[in-house]
C-alpha cells in the first residue's frame, strides 16, 4: 500500500494511508500516514462503530489537506476499548494452543483455496 501511495504521489496524486502497522508503513515511507493504534485489520475505526469510523476518516482527510512535509504521520486520538492487553495477545502464537494454531492454519488454507478457485473461475470467464 505504501509503495503504491509513493508511486501515486510521484504522478502528482496526493495520498493518505490509513493503517495499524506503524513500523511497517513508516519503514516503507508512505507520504502521509494516519496511524490508528488498533489491532491489525481495523485501520478505519472500531468495528460496528460508525462514529469512530467517521472520526478516523475525518482525521485522515484532515491529514491529507494539512500535511506540509513528506512522510508525515499523525496518530488517531481514538483508543481501542480496554486496557491495551490486546497488544500482547494479538495473534501471538506463543500464547496459543497447538489446536488453535492448527485451526487458524486450516482456516487460512481454506481461504487460499477459495481465492484460487475464484481467480480460476474469473480467468476462465474472460
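Residue numbers (my numbering): 1 to 126. Even glycine gets a Cβ: it sits at the ideal position worked out from N, Cα and C.
* At which residues does the alpha helix (DSSP H) containing residue 103 begin and terminate? -> In the chain shown, the residue the question calls residue 103 occupies position 103. Unbroken alpha helix (DSSP H) run through residue 103: 98–125.
* Beta-carbon contacts of residue 20 that lie in its chain and below 8 Å, excluding the five residues immediately before and after -> By 1-based counting over the chain shown, the position of residue 20 is 20. Here the set comprises 35, 36, 37, 38, 39, 40, 41, 42 and 43.
* To do: Give the DSSP-derived three-state secondary structure of residue 15 in the structure shown.
  => In the chain shown, residue 15 corresponds to position 15, counting from 1. Here residue 15 sits in coil by DSSP.
* **Buried or exposed by the 16-neighbour rule on C-beta atoms within 10 Å, applied to residue 104** => Mapped onto the chain shown, residue 104 falls at position 104. With fewer than 16 Cβ atoms within 10 Å of its Cβ, residue 104 is classed as exposed.
* To do: For residue 68, name the three-state secondary structure that DSSP assigns.
  => Position 68 of the chain shown, counted from the start, is the residue given in the question as residue 68. Coil.
* Taking the C-alpha atoms as reference points, what is the distance between residue 78 and residue 53? -> Translated into the one-based positions of the chain shown, residue 78 becomes position 78. Translated into the one-based positions of the chain shown, residue 53 becomes position 53. In this structure, the alpha-carbon of residue 78 lies about 10 Å from that of residue 53.
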